[in-house]
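Enquirer: Got a structure here, written out as structure tokens. Questions coming.
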Amino acid sequence: MWFTNVVSIALIINAISAATSASAKNPLSNHATILADNSANLGFTLYQNMAKAKKMGNIAISPVVVASSLGLVALGGKASTASQVKTLLKAAEVKDDQFHSGLSELLTEVSDPKTRNVTWKINNRLYGPSSVSFVDNFVKNSKKHYNCDHSKISFKDKKSALNSINEWAAKSTDGKLPEVTKEMEKTDGAMIVNAMFFKPRWDQQFHHKMVDNRGFMVPNSYTVSVQMMHRTGFYGFFDDSTNKLSILSMPLSHKKSTMLFIMPHHVEPLDRLEKMLTKKQLDSWLSKLKETAMAVSLPKVRMEVSHNLQKYLEELGLTEAVDKSKADFSNMSGKKDLYLSSVFHASALEWDTDGNEMDTSIYASEKLRNPKLFYADHPFIFLVKDQKTNSILYIGRMLRPKGEKMRDEL
Ligand SMILES: *[C@@H]1O[C@H](CO)[C@@H](O)[C@H](O)[C@H]1NC(C)=O
Ligand SMILES: *[C@@H]1O[C@H](CO)[C@@H](O)[C@H](O)[C@H]1NC(C)=O
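Here the sequence shown stands for residues -18 to -1, 1 to 392, numbered as in mature numbering (1 follows the signal peptide of the UniProt record, and there is no 0).
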């Protein structure tokens, strides 16, 4: 007894020191760590506010990309137009240059396609009215820190202006995101557009033949026919019977990040879960995950979602930048002639069977004979959480997948 304890403690210590030495190779700077944390917190609040909005359907937001759009506002803003951004990210104490380099470091780290081995295309563009002239320094620094390019656009012909924005988004995502918006209310200011394509690559793939058609139940509505992929395996799982929900954790390629699913036991709208969803609650759930034999079924679908975040950011305290009479973007354009009229945050997400090779030896395991079910045939919340930086790469919900309406059986 005593001996086994010593051995297991030694193993744990070895594991801890291996983990620290691996991450110590390339530790995230202090200010980037703070910003990773605060962008995640901001992401939860933003998600909750958006989820409450009427007629809001599917949601997909990337807190680290939202933070970098805010960084752009701080870079071009002066006085309170800029300082409100730092307040929003609880980074008032962080010096300007560290603020920008920290956000840049974070985004570069989490979106590096080589080390991550998942597909994440992030394209950022700032559109300004044709009358504006962007300051050289701003253009240079926004490219450097936020990989943002610039374009002037005239809304005299609104339809063709919208077309050109949508065409840019489609082109820069290899056609995965065909549209950012159909309409635009305010066309007289500066506009930030994020056009993204994210495709998780599982650490262990699904078999491409283990796919069939099933029904996905939309609460108070109808059943949608979707493709579902199925597999068994060992995954982090926690069944919260008090709150009637379960959490599943599935590692993405090389375990650099994890996709988390939070699903109610029954078919219901998600507001009950969303009220609970904070970073603290998530951490508590994560601490209870146990490696469990699972039979997992997930929709194999594409989801395109676009949000204009301007009013949600205003709600959270970004009141100056979005106010035509108060905004000061003279670091962007050399004079006080701009305000932030829109922040389009658009993503195409694709769930597929692709991943690294499956460890087939697990099928010999006795434990896998009686797996628990995780059958995602009704709305759920999903998150992509990065291991090294602890940041949230995506938070969203699938309420209503695309697909043919089936005969209503509910
Ligand atoms: C991930 O790695 C695999 C195997 O090395 C490779 O075939 C695949 O193209 C990579 N995918 C991405 C998105 O990097
Ligand atoms: C913004 O303007 C202020 C005041 O003119 C200047 O001190 C600051 O360096 C500028 N910021 C950037 C990023 O150019």
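For every residue, glycine included, the Cβ atom is placed at its ideal position computed from N, Cα and C.
Values in this document were obtained by computation on a predicted structure and should not be read as measured data.
Round the Cβ separation of L17 and E91 to the nearest angstrom and send it over; I've been treating them as touching at under 8 Å.
Expert: Wrong, their Cβ atoms sit about 11 Å apart, outside the cutoff.
Enquirer: Have a look at F362 and S113 and give me their C-alpha separation to the nearest angstrom.
Expert: 45 Å
Enquirer: Cβ of N313 within 8 Å of Cβ of G59?
Expert: yes
Enquirer: When you compare each of F179, Q263, M245 to S288 by their alpha carbons, which one comes out closest?
Expert: F179
Enquirer: Pull up the DSSP beta-bridge partners for S288, would you.
Expert: A328
Enquirer: Nearest by alpha-carbon distance to V278: which of T335, T214, D319 is it?
Expert: T214
Enquirer: Figure out for me which residue from P160, I229, L255, R107 has the closest Cα to the Cα of V47.
Expert: R107
Enquirer: I'd like the ranges of any beta strand (DSSP E) spanning at least 3 consecutive residues and lying wholly in the stretch 40 to 123.
Expert: 41 to 43, 101 to 111
Enquirer: The alpha helix (DSSP H) with K153 in it runs from where to where?
Expert: Under the DSSP assignment, K153 falls in the alpha helix (DSSP H) whose first and last residues are 140 to 154.
Enquirer: By the 10 Å Cβ neighbour count, where 16 or more other Cβ atoms means buried, how is H13 classified, buried or exposed?
Expert: That one is buried.
Enquirer: Could you give the DSSP three-state label for R379: helix, strand or coil?
Expert: strand
Enquirer: Give every residue whose Cβ lies closer than 5 Å to any heavy atom of ligand 1, listed in chain order.
Expert: N99, T101
Enquirer: Once DSSP output is grouped into helix, strand and coil, what is the label at L259?
Expert: coil
Enquirer: Apart from the five residues on each side of it in sequence, which residues of its chain come closer than 8 Å, Cβ to Cβ, to E297?
Expert: N31
Enquirer: Quick check on the DSSP output: the beta strand (DSSP E) that includes D222 runs from which residue to which?
Expert: D222 -> beta strand (DSSP E) spans 205 to 222.
Enquirer: Does the Cβ-Cβ distance between L230 and F356 come in under 8 Å?
Expert: yes
Enquirer: Are the beta-carbon atoms belonging to K168 and S324 less than 8 Å from one another?
Expert: yes
Enquirer: Less than 8 Å between the beta carbons of N20 and L54, yes or no?
Expert: no
Enquirer: Rounded to the nearest angstrom, what separates N119 and L295 at their Cα positions?
Expert: 26 Å
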